[in-house]
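Student: Quick note: UniProt numbering has the sequence shown finishing at residue 170, numbered continuously throughout.
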Amino acid sequence: MTAQILIQDRSYDMAENILLSINDSPMARESYLHLAVLYNRTNRTAEALYTILRALSLCSTLEISCAKYHEEHGDILKDMEDFNAAEQSYKLALNLDPKLAKTHQNLAVIYHIKGNYSSAEYHYKEAYKLDSSPQILLDNMRKLQRRLFDMQDNTCWRTDATCSDASVIL
1 MTAQILIQDR SYDMAENILL SINDSPMARE SYLHLAVLYN RTNRTAEALY TILRALSLCS
61 TLEISCAKYH EEHGDILKDM EDFNAAEQSY KLALNLDPKL AKTHQNLAVI YHIKGNYSSA
121 EYHYKEAYKL DSSPQILLDN MRKLQRRLFD MQDNTCWRTD ATCSDASVIL
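(1) Consult DSSP for residue 191 and reduce its assignment to one of helix, strand or coil.
(2) With residue 110 as the anchor, note down where its alpha helix (DSSP H) starts and where it stops.
(3) Use the C-beta contact count for residue 52: other C-beta atoms within 10 angstroms, 16 or more gives buried, fewer gives exposed.
(4) I think residue 38 touches residue 5, with their Cβ atoms under 8 Å apart; what is that distance to the nearest whole Å?
(5) Would you mind stating whether residue 101 and residue 67 have Cβ atoms separated by less than 9 Å?
(6) Between which two residues does the alpha helix (DSSP H) carrying residue 77 extend?
(7) Should residue 105 be labelled buried (16 or more other beta-carbon atoms within 10 Å of its own) or exposed?
(8) With three or more beta-carbon pairs closer than 8 Å as the criterion, would you say the segment 78-85 touches the segment 54-66?
(9) Quick one: residues in its chain with C-beta nearer than 7 Å to the C-beta of residue 114, no 5 flanking neighbours on either side, listed in chain order?
(10) Measuring CB to CB, does residue 111 end up less than 9 Å from residue 87?
(11) Inspect the beta-carbon positions of residue 36 and residue 55 and report whether they are closer than 9 Å.
(12) Out of 42, 18, 40, which has the shortest C-alpha to C-alpha gap to residue 31?
(13) By how many angstroms is the C-alpha of residue 50 removed from the C-alpha of residue 44?
(14) Please state the DSSP three-state secondary structure of residue 51.
(15) In the DSSP assignment, the alpha helix (DSSP H) including residue 7 goes from what residue to what residue?
(16) For residue 34, which residues in the same chain have their Cβ closer than 8 Å to its Cβ, ignoring the five residues on either side in sequence?
(17) How is residue 138 classed by DSSP in three states: helix, strand or coil?
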């Protein structure tokens, strides 16, 4: 059984042992990635961050296959609520591979949290174009639409007689 299958089967101890045994082989970078995923899934965030940074140190800046390493780095940072750093990692991943649906989705979530709704909308739409199946994506898109609608309802235009001066948009 491969470590990846063991992680999916939640056999974390066995997967960790396999991955640790090959981390000095030519497959080290891939092993570090899977080990970081394992650590993150088992709430060992500090170890996950350290391990993904080791994997990233073995990546070149232009290597498309390293996009998934930046994506995982962003996931770990997002889980740590370091949204600015996660945003940067997701952007690096998308610069290498713009077809990463999950990365677009996670970047949209960060923009949504930060109140950058136009960027959130853009990345939700990109994620949807690449993979329309995740329910969480559809739910988040609906939340953003409701938020934008609520903001529009709370906007006073110069023609509204009931607006206070502070809320008027010229």
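Every residue gets a Cβ at the ideal spot worked out from N, C-alpha and C, and that includes glycine.
Tutor: To lay it out plainly:
(1) Any answer about residue 191 is impossible in this case: the structure gives the chain only from 1 up to 170.
(2) The count along the sequence shown starts at 1 and reaches residue 110 at position 110. Element bounds for residue 110: 101-114.
(3) Your numbering for residue 52 matches position 52 in the sequence shown. The residue is buried, with at least 16 neighbouring Cβ atoms inside 10 Å.
(4) Counting from one through the sequence shown, the residue named residue 38 turns up at place 38. Counting from one through the sequence shown, the residue named residue 5 turns up at place 5. Not really, about 12 Å apart at Cβ, beyond 8 Å.
(5) Counting from one through the sequence shown, the residue named residue 101 turns up at place 101. Counting from one through the sequence shown, the residue named residue 67 turns up at place 67. Not in contact: residue 101 and residue 67 (Cβ atoms no closer than 9 Å).
(6) Numbered from 1 along the sequence shown, position 77 holds the residue referred to as residue 77. Residue 77 -> alpha helix (DSSP H) spans 67-79.
(7) As a working mapping, residue 105 is identified with position 105 in the sequence shown. By the neighbour-count rule (16 or more Cβ atoms within 10 Å), residue 105 is buried.
(8) no
(9) By 1-based counting over the sequence shown, the position of residue 114 is 114. Around residue 114: 83.
(10) Here residue 111 refers to the residue found at position 111 when the sequence shown is read from its first residue. Here residue 87 refers to the residue found at position 87 when the sequence shown is read from its first residue. Yes.
(11) By 1-based counting over the sequence shown, the position of residue 36 is 36. By 1-based counting over the sequence shown, the position of residue 55 is 55. Yes, Cβ-Cβ distance for residue 36 and residue 55 is below 9 Å.
(12) Position 31 of the sequence shown, counting from 1, holds the residue named residue 31. When each option's Cα is compared against that of residue 31, the closest is 18.
(13) For this step, residue 44 is matched to residue 44 along the sequence shown. For this step, residue 50 is matched to residue 50 along the sequence shown. Each residue's Cα considered, the two are about 10 Å apart.
(14) Locating residue 51 in the sequence shown gives position 51, where the first residue counts as 1. DSSP places residue 51 in helix when its eight states are reduced to three.
(15) In the sequence shown, the residue the question calls residue 7 occupies position 7. Element bounds for residue 7: 3-8.
(16) To locate residue 34, count along the sequence shown from 1; it is residue 34. 3, 4, 7, 15, 19.
(17) Indexing the sequence shown from 1 puts residue 138 at position 138. Looking at residue 138 - three-state DSSP - the assignment turns out to be helix.
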